[in-house]
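Numbering (the working numbering), first residue to last: 122 to 367.
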């Protein structure tokens, strides 16, 4: 239950066809407090629900971001959840780099674009839906490996850098949005290692008790969001409710 959000609030979930995004939508629709969920993904949505609207868009493309803006017509969005991200892509021969000699400009640019630039560009495009006096929570998936303070192992250059950039962009946006809407709350969230396609190639060394189901992660992250207030805007949180150092 989100005490700060109104009854029958509107939620927007981007990356709705991924494991965490789809689980977030199911959790939201199970709550009578939610009035309308707008789900955005590149693939058609399988779930059918009277309070769910699905839009098939690729928000990494400017024209699709503008199409989403037109669809929303500046209506107030009370909860925006960004679940898009990239760690590997076989088609692009993109894998986390373990050593400097594995770096390439193309993979760095692609990872940075999807994980950092696309979320902030979408936020910029949709800012009219967050301006005003209504409660507006903006929650975006990050990763603990994006913490500079926490980096003791090295490796995963482009993914680490992209999530650190994501965090800085969201932190910066939180300051501007506070001037546009005092009821805004911008949060970066670490979901833990979740059993999804994103983590699949890297699960072998993860203990069973630390590999979470998408439904567990969705429940945890929504609980973390529910505990935050506008005073927490521009902060970084783990799935268990613990703050993470930048």
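We put the beta carbon where it would ideally sit given N, CA and C, even for glycine.
query	result
Assigned secondary structure, residue 140 (DSSP; H/G/I helix, E/B strand, else coil)	helix
Nearest-angstrom beta carbon gap, residue 285 and residue 267 [assumed within contact, 8 Å]	5 Å
Straight-line Cα distance separating residue 179 from residue 190	13 Å
The segment 215-233 contacting the segment 137-156, beta-carbon criterion three pairs below 8 Å	no
Residue environment, residue 146, which counts as buried when at least 16 other CB atoms sit within 10 Å	buried
Pick from 365, 205, 143 that is closest to residue 175, judged by C-alpha positions	143
Inter-residue spacing [alpha-carbon to alpha-carbon] between residue 172 and residue 148	13 Å
Distance CB(residue 265)-CB(residue 141) smaller than 8 Å	no
Distance CB(residue 134)-CB(residue 204) smaller than 8 Å	yes
Proximity below 8 Å, CB of residue 305 to CB of residue 241	no
Euclidean distance between Cα positions of residue 139 and residue 363	24 Å
Backbone secondary structure at residue 238 - three-state DSSP	helix
As assigned by DSSP and simplified to three states, the class of residue 254	coil
Expected contact under 8 Å - CB spacing of residue 288 and residue 357 to nearest Å	6 Å
Cut-off 7 Å between Cβ atoms - residues of its own chain near residue 346, not counting five sequence neighbours on either side	258, 260, 308
Proximal residues to residue 355 (C-beta, below 6 Å), its chain only, five neighbours per side dropped	292, 295, 307
Buried versus exposed call for residue 129 [16 or more other C-beta atoms within 10 Å across all chains shown]	exposed
8 Å contact criterion, which residue 360 and residue 338 should meet: CB distance rounded	6 Å
Selection from 183, 243, 202, 123 that minimises the alpha carbon distance to residue 159	202
Assigned exposure category for residue 151 - 16 Cβ within 10 Å defines buried	exposed
CA-to-CA distance, residue 252 to residue 298, given in whole angstroms	7 Å
Outcome for residue 132 when other beta-carbon atoms lying within 10 angstroms are tallied against a minimum of 16	buried
Contained beta strand (DSSP E) runs [length at least 3] in the segment 162-201, N- to C-terminal order	173-177
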